[in-house]
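Since the structure comes first, as structure tokens, the remarks are kept for the end.
Residue numbers (this note's numbering), protein chains in the order written: chain A, 91 to 414; chain B, 91 to 414.
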């Protein structure tokens with residue numbers, strides 16, 4: 091289990107790289123949901139998503155010997171950029187196994203940030219096996235994208251910042267909505283939020299075709315889903331919750347919501363028109379859940395995490411051009 | 091002359107409507123300019139631009155009798171939204187004279203926020219005359235878009251927040267770049283910035299075809315330009331600096347920079363790709379000046395104001411689709 095002390099220690103490590111994001115407020119959004127919404131815009135984060143938090147927290151704790159051999163990760167794109175950027179900051183070589191159909195922006199950025207990119211076919215290849223083989227051959231450490239205590243603690247600093255800023259602003263949330271892929275962000279943030287605000291309700295949000303956590307939550311045990319589904323939310327395509335993340339979610343989360351691709355597209359339009367923020371599909375699921383009325387928001391204070399903003403311009407333009 | 095006390099009083103009035111924006115930092119932008127850049131994102135502001143600051147500051151100081159008769163303003167769109175929103179908050183009827191070719195988003199939003207919109211032809215009509223006639227007929231007060239002490243003091247809270255946040259963050263800027271139309275934002279912010287940080291250099295930025303302030307600054311007196319030019323920066327199309335704003339600019343500003351439409355478009359692409367912010371053309375001129383190397387930034391700390399984010403989706407999509 092991850093303790094709040096580990097998240098506070100991660101926050102202290104991250105303090106040196108200045109990645110705290112603000113907690114925003116938008117009247118249009120309040121009007122749309124009939125309550126107060128606090129927005130945690132991790133799209134404004136270094137590398138365009140929260141993933142730098144966990145990656146830096148893990149890489150900065152490697153021994154000198156481990157650091158010399160470099161690290162290997164697998165990722166659909168945001169973790170890749172986080173690992174590449176953290177490696178460059180710390181002088182640690184990074185290699186990342188990525189789907190060949192990952193958004194071009196994510197592939198380009200990972201290389202630009204200093205990562206070696208190895209591509210595979212998302213629907214036929216086994217990225218974890220490719221990464222493990224490569225790591226073994228090089229004597230390199232693996233950097234999992236969610237199921238590792240240091241990753242969970244790093245991502246948990248998102249929840250810690252929400253809680254501390256909300257307390258400072260005297261706008262304590264009744265509920266917090268967090269996007270969920272493998273559960274690193276949501277489990278770590280849940281630990282931090284429940285530690286600071288024991289009465290808060292935490293809801294996690296998944297794409298409806300990648301609802302492994304929803305199914306597992308209902309069943310009371312980890313359940314895998316058919317990973318061949320397609321979703322616009324490239325960042326959230328996991329087929330089973332993590333071994334470490336799921337028990338935390340079971341214990342601290344009040345419920346799991348799912349959203350359709352159409353609801354995500356509408357949320358991205360709302361973000362462009364009213365929030366003036368560029369949010370990627372996977373980063374918009376919590377906003378989508380709010381706007382499509384999956385949860386009672388009237389008269390409540392709700393915090394949401396916009397977890398990333400790395401979206402190709404072609405897809406973004408097509409979504410924005412759709413009628414609202 | 092506007093004094094710092096008037097800007098502090100405006101900040102106290104605005105405190106009640108919670109419109110403080112954060113001061114952001116982005117590593118990609120630092121890398122691009124070889125220095126540290128502090129970003130003041132007024133695109134995230136209520137109504138999508140800084141204009142609510144001045145409008146609320148003025149409207150909240152009307153007498154009960156004046157408030158009953160309502161107010162009349164003229165605006166290309168951002169001031170319109172600010173006036174409409176402030177009026178609705180304060181229960182004051184608002185009518186705004188707007189160009190019929192203003193961005194559809196700005197026309198729609200002004201109405202949605204509670205303003206009565208009266209359109210005119212930007213290239214043949216005289217918006218000021220139309221507004222004055224209407225105000226006289228109704229006994230309504232005029233709300234100028236920049237040349238009024240309360241408007242200047244309200245917009246000056248942007249500069250005040252930059253200074254106070256930068257001091258708190260221990261990242262005091264060497265220079266600050268501010269978009270300039272009629273000069274309300276830049277003159278008010280210049281007063282606040284020079285009061286808090288006497289050594290800071292302030293540069294204002296205009297579209298190259300609406301360089302009335304640049305020409306006036308060089309000439310040492312207010313000069314009008316041919317107002318029939320076209321620019322992508324619909325928010326900055328003024329043909330002469332204000333009577334009140336220009337002397338402040340003369341006294342406190344170090345220089346006036348101009349940028350081309352192509353430089354503005356490139357800045358909007360940079361904002362989308364790296365800052366994950368939606369910035370409108372006029373809101374992007376300071377960023378454009380930085381990115382196109384109009385000013386030495388290496389080794390310096392530079393603050394920029396992104397003054398608005400109200401852009402139609404068609405134009406935004408077209409600009410983003412252009413090659414970088």
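Every residue, glycine too, gets a C-beta built ideally from N, C-alpha and C.
As the structure is a prediction and not an experimental result, all values here were calculated from the model.
Contact between residue 246 of chain A and residue 281 of chain A holds: their C-beta atoms lie close to 6 Å from each other, under 8 Å. Under the Cβ criterion of 9 Å, residue 362 of chain A is counted among the residues facing chain B. Leaving aside the five residues that flank residue 378 of chain A on each side, the residues in its chain whose CB is nearer than 6 Å to its CB run, in chain order, 349, 353, 354, 357. Within the segment 130-191 of chain B, the complete alpha helix (DSSP H) runs of at least 4 residues fall at 141-149, 154-159, 168-180. Runs of the beta strand (DSSP E) lying entirely within the segment 299-355 of chain B and spanning at least 3 residues, in chain order: 345-349. With its beta carbon less than 9 Å from one in chain A, residue 108 of chain B belongs to the interface.
Residue-level contact by beta carbon fails for residue 204 of chain A and chain B, as no gap is shorter than 9 Å. Among the residues of the segment 357-382 of chain B, those with a Cβ less than 7 Å away from any Cβ of chain A are 362, 366, 367, 368, in the order of the chain.
Going by DSSP, residue 380 of chain A is part of no beta strand (DSSP E) but of the alpha helix (DSSP H) stretching over 375-381. Within the segment 111-143 of chain B, the residues whose Cβ lies closer than 7 Å to any Cβ of chain A are, in chain order, 112, 114, 115, 117, 133, 134, 136, 138. Pairing residue 367 of chain A with residue 361 of chain A gives a Cβ-Cβ distance under 9 Å. The continuous alpha helix (DSSP H) containing residue 406 of chain A extends over residues 403-411. Between residue 406 of chain A and chain B, the shortest Cβ-Cβ separation is below 9 Å. The contact set of residue 352 of chain B on chain A, defined by CB atoms closer than 7 Å, is empty, because the minimum CB distance reaches about 18 Å. Apart from sequence neighbours up to five positions away, the residues of its chain that approach residue 232 of chain A with a beta-carbon distance below 8 Å are 161, 162, 163, 221, 222, 225, ordered along the chain. Apart from the 5 residues on each side of it in sequence, residue 393 of chain B sits with its Cβ closer than 8 Å to the Cβ of 113, 127, 128, 129, 130, 252, 256, 263, 265, 266, 267 in its chain, given in chain order. The alpha carbon of residue 119 of chain B has as its nearest neighbour, out of B:242, B:159, B:387, the alpha carbon of B:387. Rounded to whole angstroms, the separation of the alpha carbons of residue 93 of chain B and residue 395 of chain B is 21 Å. Contact annotation: residue 207 of chain A and residue 182 of chain A have beta-carbon atoms that are not nearer than 9 Å. Residue 262 of chain B is outside the set of residues whose beta carbon lies under 9 Å from a beta carbon in chain A. Annotation: Cβ neighbours of residue 403 of chain A in chain B (cutoff 9 Å, chain order): 359, 362, 363, 407, 410, 411. Nearest C-alpha to residue 382 of chain A among A:410, A:312, A:295, A:248: A:295. A direct Cα-Cα distance of roughly 25 Å separates residue 121 of chain B from residue 406 of chain B. In this structure, the alpha-carbon of residue 339 of chain B lies about 31 Å from that of residue 117 of chain B.
Distances from the alpha-carbon of residue 111 of chain B to those of B:143, B:178, B:203, B:302 put B:143 closest. DSSP, read as helix, strand or coil, puts residue 230 of chain B in coil. DSSP, reduced to helix, strand and coil, places residue 240 of chain B within a helical segment of the structure shown.
At a cut-off of 9 Å, the C-beta of residue 195 of chain A has a neighbouring C-beta in chain B.
With a contact defined as Cβ atoms closer than 8 Å, residue 193 of chain B and residue 400 of chain B qualify at about 6 Å. By the neighbour-count criterion, in which a residue is buried when 16 or more other Cβ atoms sit within 10 angstroms of its Cβ, residue 341 of chain A is exposed.
Non-local beta-carbon contacts of residue 370 of chain B in its own chain, meaning distances under 6 Å to residues more than five positions away in sequence, involve 398, 399, 400, 401 in chain order. Interface criterion met: the Cβ of residue 399 of chain B is under 9 Å from a Cβ in chain A. As far as DSSP is concerned, residue 364 of chain B takes part in no beta bridge.
Within the same chain, 302, 314, 315, 317 come within 6 Å of residue 329 of chain A by CB-CB distance, once the 5 residues on both sides are set aside. Taking the CA atoms as reference points, residue 289 of chain A sits about 44 Å from residue 287 of chain B.
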